[in-house]
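In our numbering, the protein residues as written are 589 to 1066.
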């Protein structure tokens, strides 16, 4: 940057692209973008840059490429793995798309919505609902996370069981490449067999291959009937039996099926104001399930109630609550979605976002708890997650480890115990949170060498200068 006036000249060039409103350099304005949601990762940046259009993103990226300045794309900064946090001491900018927050088009004939990447997820949900449609991606941070971040991390959420993962909801994608060129792909086609499906390279890449600036997303019919049930179950195995029973009774109308341990629920009751125990008697495990139907009538409720009665008789369920109103149902889902916040307030938590085949889930939960307690007696496990699609959040408090201890925060021994058990069952160490910088050094131990090589080759081909979110997802060869 010396030839054009150093850092000052570089920042002036960015200011000329995005204007005063699009460039933040004061420490108090930049600081919130330099730390992750959990407070575990902190970094440095020359500025936070907020372009207002794809053309501005293109020009900013091109300027960074010329100057050799790294780019850290950041959405709502709600991620769990530090993917949106710059490195300490690094020569980088944080690129925020928060000003690119428009819903550009809703096509009711094609059932699609076209959005800019800075759209907050809940806004897309609301606009779809106003048009009589459903955008099914739903997660706890939906009031602040941005769709560009959701796409970049392939965020999962509670409705994957029926509607698929985030990448399954995308028809078209617009991306700014690391040299500033724009790959315009905002096509609303459900069939396009013209070679490589390039958009899939950038979904889940966490900003390491380019910057997602816009997307065409699928919409679905708005359910006319919906039902939520909260059931006490004796074990994860019984929860899986209940899932099979409900699927036999109502098929694909099961849209979400969540497992919650008693300890997870107790954390919510302890730390989240306004919550109360949904049932009168405590149970070691619970299931929270949502079912919906695009047809109106009593059929869904009658079928679910019959299946739940059969489950009680079979010993799969000991008690159940079916909310009588939408507000009551939302209160139950708020409790489930509050578990991450509640567990933050309890102490240092080792988080594991894992996935396993359904048949291995119950065995893993039992084996992992025994292994952890044998190594660290008194370990408390916060186990909850999307049982219907095999994704568990299996988190642990280890006695004596504190949030203010850097060595405890950096320790990987707990992860190694959990991940070894996951790997032995052909599972994944990241189901929906991504890799970021939290797992970048662990990934090679649990992913095949050929797969890692292909990832490194893709990174080198698209971003040879290594300016796109360096230090995340995949390490350079060697």
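The C-beta atom is built at its ideal place from N, Cα and C for all residues, glycine as well.
Just so you know, these numbers come straight off a predicted model, no measurement behind them.
Problem - Local Cβ density within 10 Å of residue 852, reported as buried at 16 or more and exposed below that - result: buried
Exercise for the section: Please determine if the segment 897-909 and the segment 941-957 are in contact, where contact requires at least 3 C-beta pairs separated by less than 8 Å. Expected result: no
Handout entry: In DSSP terms, what residue 964 is bridged to
Key = According to DSSP, residue 964 bridges with nothing at all.
Exercise for the section: Tell me whether residue 646 is buried or exposed, calling it buried when 16 or more other Cβ atoms sit within 10 Å of its Cβ. Expected result: buried
Practice task
Could you tell me which of 613, 764 and 962 sits nearest to residue 685, measuring between CA atoms?
Solution key: 764
Problem - Anticipated Cβ contact below 8 Å, residue 739 with residue 803, distance rounded - result: 6 Å
Practice task
Counting only runs of 3+ residues fully inside the segment 789-849, write out the beta strand (DSSP E) ranges in chain order.
Solution key: 799-806, 813-821 and 842-849
Exercise for the section: Assuming residue 960 and residue 969 form a contact by the criterion Cβ under 8 Å, report the distance between their Cβ atoms to the nearest whole angstrom. Expected result: 7 Å
Problem - Buried versus exposed, by CB contacts within 10 Å (16 or more), residue 913 - result: exposed
Problem - Backbone CA spacing between residue 632 and residue 680 [nearest angstrom] - result: 8 Å
Practice task
Could you check if residue 967 is buried or exposed, using at least 16 other CB atoms within 10 Å of its CB as the buried criterion?
Solution key: buried
Exercise for the section: Consult DSSP for residue 993 and reduce its assignment to one of helix, strand or coil. Expected result: coil
Practice task
Thinking residue 949 and residue 828 are a contact (beta carbons under 8 Å), I'd like their distance in whole angstroms, please.
Solution key: 7 Å
Exercise for the section: Give the single residue among 690, 625 and 801 whose Cα lies nearest to the Cα of residue 643. Expected result: 801
Handout entry: Stretch pair the segment 608-618 + the segment 652-665: three plus CB contacts closer than 8 Å
Key = no
Problem - CB of residue 768 within 8 Å of CB of residue 653, strictly - result: yes
Exercise for the section: Check residue 873 in the structure and name its three-state DSSP category. Expected result: strand
Exercise for the section: Flag this pair as yes or no: are the beta carbons of residue 858 and residue 935 separated by less than 8 Å? Expected result: no
Handout entry: Alpha carbon of residue 875 to alpha carbon of residue 957, nearest angstrom
Key = 19 Å
Exercise for the section: Could you check how far apart the C-beta atoms of residue 1043 and residue 1062 are, in whole angstroms? I think they sit under 8 Å. Expected result: 5 Å
Handout entry: residue 1032 versus residue 1003 - alpha carbon distance
Key = 14 Å
Handout entry: Three-state secondary structure (DSSP) of residue 883
Key = coil
Practice task
Counting only the same chain and skipping the five closest in sequence on each side, list residues whose C-beta sits under 8 Å from that of residue 883.
Solution key: 812 and 813
Practice task
Would you kindly report the start and end of the unbroken beta strand (DSSP E) that includes residue 698?
Solution key: Per DSSP, residue 698 belongs to no beta strand (DSSP E) and is neither H nor E.
Exercise for the section: Could you please give me the residues that DSSP links to residue 907 through a beta bridge? Expected result: 820
Exercise for the section: Could you tell me whether the Cβ atoms of residue 582 and residue 806 are closer together than 8 Å? Expected result: Because residue 582 is not part of the residues shown, which for the chain are 589 to 1066, the question remains open.
Handout entry: Assigned secondary structure, residue 707 (DSSP; H/G/I helix, E/B strand, else coil)
Key = coil
Exercise for the section: Indicate the three-state DSSP secondary structure (helix, strand or coil) for residue 719 in the structure shown. Expected result: coil
Problem - Residues that residue 979 bridges to, as DSSP identifies them - result: 943 and 974
Exercise for the section: Give me the Cα-Cα distance between residue 596 and residue 981, rounded to the nearest whole angstrom. Expected result: 45 Å
Exercise for the section: Take every Cβ of the segment 833-848, pair it with every Cβ of the segment 860-872, and state whether three or more of those distances are shorter than 8 Å. Expected result: no
Exercise for the section: For residue 933, count neighbouring Cβ atoms within 10 angstroms of its own Cβ and tell me buried if that reaches 16, exposed if not. Expected result: exposed
Problem - Reduced DSSP category for residue 730 - H, G, I as helix; E, B as strand; rest coil - result: coil
Exercise for the section: Evaluate residue 1000 with the Cβ neighbour count: other Cβ atoms within 10 Å of its Cβ, from every protein chain shown; 16 or more gives buried, anything less gives exposed. Expected result: exposed
Practice task
My understanding is that residue 879 touches residue 821, with C-beta atoms under 8 Å, so please give their C-beta distance in whole angstroms.
Solution key: About 17 Å; that fails the 8 Å criterion.
Handout entry: Closest Cα partner of residue 689 within the set 836, 784, 626 and 641
Key = 641
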